[in-house]
Structures are given as C-alpha cells and as structure tokens.
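What follows is a single structure, written as structure tokens, with notes after it.
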Amino acid sequence: MSHPRRPTFDPTLPPRTLARLRAHPERLLPDSVGPSARLTWRRGAALTAAGGTSLAAVALLVPGAATPLIALLCLVVTAAVLNLVSDRGSLADDWADLLMHAFWALPVSTAAVMAGHLLLGGALEPLAAAVPGSAPAAALYLAVAGGGAGAVMRPGMLPRLASENRRRYVLPEDFGRPYSHATRHEEPEAHLFARLQQATDRVEEGGRVLGGSFDAASTLPLLREEEWRMSQELLRLRALRRELLQRKREAVSRQVTRALQPQEEAVARAHTALAERIGVLADYGGRVRAAVTAHREWEQCQAIADRAAEYADLALTTARGTMRTDEIDDSLLSVRAAHSVREELVREAVDAGSSLSAALHPGAGAGTDGSGTGNAARGPLDVPRPRPCTAPEPAPGPAAAQD
C-alpha cells in the first residue's frame, strides 16, 4: 500500500454528516482544486435561481415562448428524476439502466408538468390577458427557481456539506499523485499515511471478523483520532519539505544551501518522529491482521473437519478393506492447533490494544521535555530559523598584516 486509498475525516464531525460524506467520497473537494474550479453549492443555488427567474421572465414577456419552455422543463424534470433513481447520483453510472428508466420517467415528468401548467392556468386566468406571454409557464419556472435553489441550499445537501467542512477531511489527492506510482523518496508522507490508514482498516476488519473476542470499540476511536492528527502533521511536513526542495533548487550559492541545513535537519527529525509514532500503530495493526488470519485459518480447518465424516463414509463405501482414520485424526488435531493459535494471537492483539494509548502518549500531562527543567516539549515540526546569510569577511590589508 504505497498511497492513501480513502478520505480521512475529523472524528469530531457530527455522525450524520460523517456518514453522508463517507458514503460519497467522489463529491468531496481536494485541496489542490481551487474555489473557482468547481461549482460550489452557493453558485449552484445562485445559478438555479437566476436561470429559473430569467426563463420565467422570457415566458411572461415573449409571445409563443411557452411551448418550447414547457418542453424544456419536461426534460429538466426528467433529468432530475433520473438523477434521483441512479445508483450513485451520477447520470454516467449505467446508460442502459438510465435509458430503461427514461421510458417511464419522461412520460411521468411530462404529465406532472402539464398538470401543473393546467392548474396554474386556471388560477392565473385573470393575469393572462394582461401579459403578452404565458403566466402559467412563468409561474412554473418561478417555482422551479425557488424549489431548486432551496434544495441546493438545504443543509443536508452533499455539495454544501463538502464545501462547509472542507477543512475537516483529507483526500488521497492532498498527498500528491493518487493514480500514479510515487516512490517513497518522492512522497514519503504519502507512504507513512498509507501505513497508518492500513492499520485503522485492519482494526476495523478485526472488529468485524473476530466478533466478541476482540473489542475494537476502545481502540478504533483512538486510531481514528491519531489518523486525523497525523494527516494534519504529515500535510504540514509535506508542505515544508517541498518548500525546502524548491529553495534548494533555486539556491545561487553553497552559502544559501548551508543556510537551509537547519531546516532540512528539522524536517528530517520530524519525519523520523512521525515514522516512529506511525510504526507503533502499524505494529498493532499487524498483530490484529495476524489474529484475523489465524481466525480464518481456524474457520477453514473447522469446515474441513466438519466434512470429514462424509469423506470417511465415501471411503468406506468405495474402498475394499479397512479404513485408515489417521487422516481424520490429523484434521481434528489441525483444528485444535488452529484454534489455539487463534486464541493466542487474539489475546496478544487485545493486550497490545490496551497499552496502545500509553505507547502513543508516553508523556501526556507532563508538559515538560522530560529533562525535569519544566521546559515545554518541542513538537516534531518546530522548524528553526535559517542561519543568516552573511557576506564573507574581507582579507586583511597590508597594514593589518604588519600589526
């Protein structure tokens, strides 16, 4: 696993918001995409309101525009219905399936629009003689403008949730190239974060597979909290490292390069510290993975032993002579051995999880650097200021040499 595969969310997000964002990762906004490169929910609401109001004015003031506008509205409503019935909320999911839905969506949408047009025609009949266009068609477009803008601005809409909580999730794209290979030297932070995500995924898998013998409820919140905290620190480290690389490429002399050495050393120390912390979590995830593998091995051996009687009956009915039972005994012994290994590895994973908090926060609450002097501990990303680039001292003149 060389690159993060899924988004990471702030664990303090409301549960319903977190569930909706996690269910639709394709709607989330990467940090590399600027605010003007994608249609935000505010722009969508404004465009919906402006477009509907403009078409309502056209229908109200232009004679003969009602017929094409009503046809256009039927198509718009059909597209909205198809968007609702699609599996992933995208019109490009399955064109064949959407084409089948269109056979009923288009007639239903047309009937609904025409029914609304007839009802509004009766209600707005006194206004029809005062305007050159169609008052019912204008009223329909005003309803679409208001309803569409209100739907886009609804707090539970995904575009709004993704925009308002942009700083509360991290995407794989934020760590560089998600769809092409990047070596550990090119994107070291991405590789570290991939290990951390893998540890969280393994613990989640252990909670699902091992059942009551492995309680993941106590360690999963800690892992998710650490995953979110590490994502922020790794992104900051990545930004500082790339800035140093850029400055090093632009350095005009060795003196400038030497001035950057303290910052390079600080980044290296931060990378080492974060790698050690992530290594603790990765080791725990590895133990849980071993327990899951042992559990599945035990299940498979148990399934083999359960069918041993049928194979024994088959051998007795087809073979001539006595039946050898040592193979069946071996299968039963393998089940007992697999169960013993499974119990031991699950016990080790539970013990490792109980000491995980102390391993991650060895100096929590101390507020010192461990030297007993009361100084605040330095964080892994406390980067010192560069040494000043001073001009070289001039060589001594003849008078100075005589002195």
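Residue numbers (the UniProt record's numbering): 1 to 403.
Using N, Cα and C, we set each Cβ at its ideal position, and we do this for glycine too.
Since the structure is predicted, the reported quantities are computational estimates derived from the model, not experimental observations.
Is there a Cβ from chain D that is less than 8 Å from the Cβ of residue i?
i: M100; result: Among the chains of the structure shown, chain D does not appear; only one protein chain is present.
Confirm, please, whether the CB-CB distance from residue j to residue i is below 8 Å.
i: A57; j: L69; result: no
i: E204; j: A216; result: yes
i: A115; j: V81; result: no
i: V267; j: L237; result: yes
i: T272; j: L356; result: no
i: I304; j: L196; result: no
i: V170; j: S109; result: no
i: L281; j: L260; result: no
So what's residue i in DSSP terms, helix, strand or just coil?
i: F214; result: coil
i: T12; result: coil
i: A400; result: Confidence is the limiting factor: at A400 the pLDDT is only 43, short of 50, which leaves the residue's position unreliable and the question unanswerable from this model.
i: E393; result: Only weak support is given to the placement of E393: the predicted model assigns it a pLDDT of 44, under 50, and the question is left unresolved by the model.
i: V280; result: helix
i: V170; result: strand
i: T219; result: coil
i: N375; result: With a pLDDT of only 42 at N375, under 50, the local geometry of the prediction cannot be trusted, and the value read off the model is given with reservation. Three-state result, N375: coil.
i: D31; result: coil
i: R208; result: helix
i: V252; result: coil
i: E187; result: coil
i: R6; result: coil
i: S355; result: coil
i: G64; result: coil
i: R236; result: helix
i: R307; result: coil
i: G286; result: helix
i: L260; result: coil
i: H24; result: coil
i: G44; result: helix
i: G176; result: coil
i: A338; result: helix
My assumption, with CB atoms under 8 Å, is that residue i sits in contact with residue j. Please give the rounded CB distance.
i: P159; j: R27; result: 7 Å
i: T200; j: E227; result: 5 Å
i: A194; j: H3; result: 6 Å
i: A338; j: C301; result: 5 Å
i: L274; j: L222; result: With 8 Å as the limit, L274 and L222 do not qualify as a contact, their Cβ atoms being about 17 Å apart.
i: G52; j: V144; result: 5 Å
i: L29; j: R168; result: Not a contact, Cβ separation roughly 11 Å.
i: P132; j: L61; result: 6 Å
i: A294; j: R342; result: 4 Å
i: L72; j: L140; result: In fact, because the Cβ distance is near 11 Å, the residues do not count as touching under 8 Å.
i: V77; j: H101; result: Actually they do not touch by this definition, with Cβ atoms about 13 Å apart.
i: R5; j: P172; result: 6 Å
i: D10; j: D174; result: Not quite, the Cβ-Cβ distance comes to about 14 Å (not below 8 Å), so this is no contact.
Rounding to the nearest angstrom, what Cα-Cα distance links residue i and residue j in this structure?
i: residue 418; j: R242; result: Because residue 418 is not part of the residues shown, which for the chain are 1 to 403, the question remains open.
i: G121; j: L142; result: 14 Å
i: V292; j: A45; result: 48 Å
i: H185; j: E264; result: 15 Å
i: A270; j: G353; result: 25 Å
i: G147; j: A129; result: 27 Å
i: L21; j: V256; result: 46 Å
i: L75; j: S163; result: 29 Å
i: V346; j: L210; result: 8 Å
i: S334; j: L314; result: 21 Å
i: A239; j: L18; result: 27 Å
i: A135; j: L47; result: 22 Å
i: T317; j: E299; result: 28 Å
i: L119; j: A138; result: 13 Å
i: P63; j: A149; result: 27 Å
i: M153; j: R42; result: 7 Å
i: G206; j: E187; result: 29 Å
i: A190; j: R202; result: 18 Å
i: G176; j: R249; result: 20 Å
i: R287; j: P7; result: 24 Å
i: S213; j: E344; result: 11 Å
i: A151; j: E297; result: 51 Å
i: E125; j: D97; result: 41 Å
i: A79; j: L55; result: 18 Å
4-residue-minimum alpha helix (DSSP H) runs that sit fully inside the region 77-160, ordered along the chain | 95-123, 125-128 and 135-152
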